[in-house]
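Asks:
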Amino acid sequence: MRSLTDMISESFIWSVGITRPGKGQERRAAWYISATLAIILLSIVAIFLFVLSRF
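According to the UniProt record's numbering, the sequence shown is numbered sequentially starting from 1.
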């Protein structure tokens with residue numbers, strides 16, 4: 001059975017369409033994926049708070 005991090009990484013690779021990281025680049029790819037997801041989530045929260053403050 002695969003680990004949760006492997007499944008998240010695999011689903012991100014398939015959904016975004018990026019290529020698999022090369023040998024030795026897995027950690028860099030994990031940081032990239034984590035940063036991308038964090039930026040997306042923070043953007044969604046910021047937009048939600050902006051809309052909430054307007055109404």
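Even for Gly, the Cβ is constructed at its ideal location relative to N, Cα and C.
Report the CB separation of Phe12 from Ile33 in whole angstroms; it is logged as a contact under 8 Å.
Replies: Position 12 of the sequence shown, counting from 1, holds the residue named residue 12. Position 33 of the sequence shown, counting from 1, holds the residue named residue 33. At roughly 5 Å, the Cβ-Cβ gap stays under 8 Å, so Phe12 and Ile33 are in contact.
Asks: Short of 8 Å in beta carbon distance, which residues of its chain neighbour Arg28, apart from the five on each side in sequence? Order them along the chain.
Replies: Here residue 28 corresponds to residue number 28 of the sequence shown, with the count starting at 1. Here the set comprises Pro21.
Asks: Please report the straight-line C-alpha distance between Thr5 and Leu52, rounded to a whole angstrom.
Replies: Residue numbering aside, residue 5 sits at position 5 when the sequence shown is read from its first letter. Residue numbering aside, residue 52 sits at position 52 when the sequence shown is read from its first letter. Roughly 33 Å separates the two Cα atoms.
Asks: Return the CA-CA distance between Gln25 and Ala35, expressed in angstroms with no decimal places.
Replies: Sequence index remark: in the sequence shown, residue 25 carries index 25 (1-based). Sequence index remark: in the sequence shown, residue 35 carries index 35 (1-based). Answer to the nearest angstrom: the Cα atoms are 15 Å apart.
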